[in-house]
Amino acid sequence: MSSLGGTEYEFPPDILALIQKARDAERLAQRETARRQYHTVLGKLDRSTPPRAVASIMRWIGRTHIDDAAVDAALDCFTSALTISQQAEDRPGVAHAYNLMAIAHQQRGDLDEAERWYQRAHDTAHEVDELALTAMIDQNLGTLANIRGDLELALAHYRSSLSAYRTLGMPQRVGPLLNNLGMLYTDLRKWKDAEGAYDEATEQCIACGDIGARIMVEVNRAELWIARRDFTVARASCDTALELATQSDDARALGETYKHYGVIARETNDHPQAEVFLGRAISIADERGDLLLAAEAAREQAELFQRQDRNRDTLISLNRAHRLFTQLQAKLDLADIDRRMDRLETMFLEIVRRWGASIESKDQYTQGHCERVTDYAVRLANAARFDEGTIFWFRMGALLHDVGKIAVPSEVLNKPGKLTLEERALMEQHPVAGVELLAGIDFPWDIRPMVRHHHEWWDGSGYPDKLAGENIPLSARILCIADVYDALTTDRPYRQGYSHEKAMGIMENDVGKLFDPELFGYFREIVDLRVPAHLDTLSAEDAVLALLDELTLQSNA
Numbered sequence: 000m001s002s003l004g005g006t007e008y009e010f011p012p013d014i015l016a017l018i019q020k021a022r023d024a025e026r027l028a029q030r031e032t033a034r035r036q037y038h039t040v041l042g043k044l045d046r047s048t049p050p051r052a053v054a055s056i057m058r059w060i061g062r063t064h065i066d067d068a069a070v071d072a073a074l075d076c077f078t079s080a081l082t083i084s085q086q087a088e089d090r091p092g093v094a095h096a097y098n099l100m101a102i103a104h105q106q107r108g109d110l111d112e113a114e115r116w117y118q119r120a121h122d123t124a125h126e127v128d129e130l131a132l133t134a135m136i137d138q139n140l141g142t143l144a145n146i147r148g149d150l151e152l153a154l155a156h157y158r159s160s161l162s163a164y165r166t167l168g169m170p171q172r173v174g175p176l177l178n179n180l181g182m183l184y185t186d187l188r189k190w191k192d193a194e195g196a197y198d199e200a201t202e203q204c205i206a207c208g209d210i211g212a213r214i215m216v217e218v219n220r221a222e223l224w225i226a227r228r229d230f231t232v233a234r235a236s237c238d239t240a241l242e243l244a245t246q247s248d249d250a251r252a253l254g255e256t257y258k259h260y261g262v263i264a265r266e267t268n269d270h271p272q273a274e275v276f277l278g279r280a281i282s283i284a285d286e287r288g289d290l291l292l293a294a295e296a297a298r299e300q301a302e303l304f305q306r307q308d309r310n311r312d313t314l315i316s317l318n319r320a321h322r323l324f325t326q327l328q329a330k331l332d333l334a335d336i337d338r339r340m341d342r343l344e345t346m347f348l349e350i351v352r353r354w355g356a357s358i359e360s361k362d363q364y365t366q367g368h369c370e371r372v373t374d375y376a377v378r379l380a381n382a383a384r385f386d387e388g389t390i391f392w393f394r395m396g397a398l399l400h401d402v403g404k405i406a407v408p409s410e411v412l413n414k415p416g417k418l419t420l421e422e423r424a425l426m427e428q429h430p431v432a433g434v435e436l437l438a439g440i441d442f443p444w445d446i447r448p449m450v451r452h453h454h455e456w457w458d459g460s461g462y463p464d465k466l467a468g469e470n471i472p473l474s475a476r477i478l479c480i481a482d483v484y485d486a487l488t489t490d491r492p493y494r495q496g497y498s499h500e501k502a503m504g505i506m507e508n509d510v511g512k513l514f515d516p517e518l519f520g521y522f523r524e525i526v527d528l529r530v531p532a533h534l535d536t537l538s539a540e541d542a543v544l545a546l547l548d549e550l551t552l553q554s555n556a
């Protein structure tokens, strides 16, 4: 819970009783109840109430909004409190308001702005000898350093703050700070230090009656034991957190707890229960607008589906997680978000490659086709000056370009001879089937045009939509060239693959008919074209027929 400080004003007994009820509700994580009590207090104040007392109550109301992640509402309260304190020349009140403005900007993700407010708060607190507030600011600067990935600096701030709290006799602050230390030690993989921090944090929270902080200690303790793969102890911490969070109706903690339950169930091979728990976590996150919890739970769900070989569901969850982490990346300057994005993209490649391999396993003639086509296509996309981010998702589309072959009967895919008209019609439906299969999977970069249009030809004679020229998406035009080249140069049971020179000679004669001339120029440079003179005489008609025959006979083009 963020520190807001107090006031030297002695409230009347009836007002003081209401304030105590509000603070008790906060300790029980009943923040809506606390807000109602504080607003009742505001309604009972009269003109004789000193401004510093009014400012304190506004800060306390804002604190409940911060803990509910309602940053805009919190900022309104803190801005009002700051204005009141400045007008009253209440320097301690100004320092507390500065600290809270920093916390709000930090929660919003503007870390540079937060640091500026913290510096103002620190200078003002030092000026008026507010030692307790200085310790709180040190704690908050530790959190800021942690967010930025500077764990050693965070540790120094936390230790300084902890020493000050103990010197000042502020046990109510020690528990939440030890919780922060426990999380930091877990990140540093200092297991014993983390255990010690959580154990002492629990003792302090129980002694102070701070249920809200104690719940988060148990949630974070569970994460420690999950990291250490002791799922029995982790489950016990989740059980305690669930009981306390249910009693206090703390939705934030419930969502985190269900996420941990889901991970524990997945890691102990109880996949049905894992899906239930992670689904609950996602529902709570969506209801609260908690992007970080929603992203983390979706990522854990993707890992669950991956272990069950549910490729399509895995990609849906991965895309959801990626979209949410991207939103967080735009809002929050978090070093940890970048690491999580890297992990997600690694998972994307792994699952897409595996799905591509499973498609090829159905077709005995085209093992390795997707990887080879992807390699050629990515090289060509680089030559066409695709940026690095686009290349990553282009690679996904290339690996999945033949996903629609799943809908083609095996006897058609594996037929050693020429296809009948009916069989060819079935084969030519695979781009459309692929797009239908990917419906609902919202990749960050739309790969569906690659899947649907990689058999469209420059002159409009391709399929399924007979697009021509630049009406064919650029990504599909690139893929078409790579796809045909691999079809011609790969061995088949009924013939050996053509040499590079012969394949390029056939393709060269259909530039402007089947292939984008500019792109083929790039491709020629990439593969170091050296066409023998005797192939220069191959007629355009023969080239088209040869190519059509190859595309008909090989089933994964």
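Here numbering that gives the first Met the number 0 is used: the first residue of the sequence shown is 0, the next is one more, and so on. Note that CB positions come from ideal geometry on N, CA and C, so glycine has one too. Note that the coordinates shown come from a computational prediction; the quantities given were computed from them, not determined experimentally.
When you compare only the Cα positions, how much space is there between H121 and L314?
Whole-angstrom Cα-Cα distance: 47 Å.
What residue range does the alpha helix (DSSP H) around E222 cover?
E222 -> alpha helix (DSSP H) spans 210-226.
For the alpha helix (DSSP H) that contains H64, what are its first and last residues?
Note, H64: alpha helix (DSSP H), 50-66.
In the DSSP assignment, what are the bridge partners of F514?
In DSSP, F514 forms a bridge with V510.
Give a yes or no on whether the C-beta atoms belonging to A280 and A296 are separated by under 9 Å.
For A280 and A296, yes; Cβs fall inside 9 Å.
Whole angstroms are fine: how far does the CA of A94 sit from the CA of R62?
So the two alpha carbons sit approximately 15 Å from each other.
If you drop the 5 nearest sequence neighbours on each side, which residues of the same chain put their C-beta closer than 6 Å to that of L241?
T256, listed in sequence order.
State the start and end residues of the unbroken alpha helix (DSSP H) segment that holds M395.
Element bounds for M395: 387-398.
Let me know the secondary structure DSSP gives F267 once reduced to three states.
Residue 267 is actually Thr in this sequence, not Phe. Here T267 sits in coil by DSSP.
Tell me the rounded alpha-carbon separation between I225 and R115.
Their backbone Cα atoms lie some 36 Å apart in a straight line.
Report back the beta-carbon spacing between A502 and Y484 to the nearest angstrom; my notes put them in contact at under 8 Å.
Contact flag correct, Cβ pair sits at about 6 Å.
Quick check on P415: does DSSP put it in helix, strand or coil?
P415: coil per DSSP, three-state reduction.
For the region 496-513 against the region 402-413, are there 3 or more C-beta pairs whose distance is under 8 Å?
Taking 8 Å as the limit for Cβ pairs, the verdict is that the region 402-413 does not touch the region 496-513.
Using DSSP with H/G/I as helix, E/B as strand and the rest coil, what is M169?
Note: M169 maps to coil in three-state DSSP.
Do the region 167-178 and the region 198-214 touch if we need at least three Cβ pairs shorter than 8 Å?
Yes, the region 167-178 is in contact with the region 198-214.
For the region 378-398 and the region 471-480, state whether three or more C-beta atom pairs, one from each stretch, are separated by less than 8 Å.
Yes: at least three Cβ pairs fall under 8 Å.
What residue range does the alpha helix (DSSP H) around P463 cover?
Looking at the DSSP string, P463 is not in any alpha helix (DSSP H), and its letter there is neither H nor E.
According to DSSP, simplified to helix, strand and coil, what is L290?
It is helical.
Leaving out five residues before and five after L576 in sequence, what residues of the same chain have Cβ atoms less than 7 Å from its Cβ?
The structure shown has nothing for residue 576, since the chain only spans 0 to 556.
Express the C-alpha separation of Y117 and D137 in angstroms, rounding to a whole number.
Each residue's Cα considered, the two are about 9 Å apart.
Can you give the Cα-Cα distance for P430 and V407, rounded to whole angstroms?
Between P430 and V407, the C-alpha separation is close to 11 Å.
With three or more C-beta pairs closer than 8 Å as the rule, is the region 43-52 touching the region 64-76?
No: the two stretches stay apart, fewer than three of their Cβ pairs being nearer than 8 Å.
Report all residues from its chain with a CB closer than 8 Å to the CB of T133; omit the five preceding and five following residues, and keep chain order.
Here the set comprises H121, A124, H125, A163.
Identify which residue in Y375, N470, L420 has its Cα closest to the Cα of A486.
If we check each option's Cα against that of A486, Y375 comes out closest.
Do V402 and A481 come within 9 Å of each other at the CB atom, strictly closer than that value?
It is not a contact, given that the beta carbons lie outside the stated cut-off.
Please go through the same chain and pick out, in chain order, the residues whose beta-carbon is closer than 8 Å to the beta-carbon of E266, but skip the five residues on each side of it.
Around E266: I225, R228, F230.
What are the boundary residues of the alpha helix (DSSP H) that L81 is part of?
70-86 is the extent of the alpha helix (DSSP H) around L81.
Given L150, which residues of its chain have a CB within under 7 Å of its CB, disregarding the five upstream and five downstream residues?
So the list reads L183, D186, L187, once near-sequence residues are dropped.
DSSP three-state call for Q29: helix, strand or coil?
The answer is coil: DSSP assigns Q29 none of H, G, I, E or B.
Specify, as a first and last residue, the run of the alpha helix (DSSP H) that V434 falls within.
Taken as a continuous stretch (DSSP letters only), the alpha helix (DSSP H) holding V434 covers 429-436.
So L317 packs on I350, CB below 8 Å; how close in whole Å?
The Cβ separation is near 7 Å, so the contact holds.
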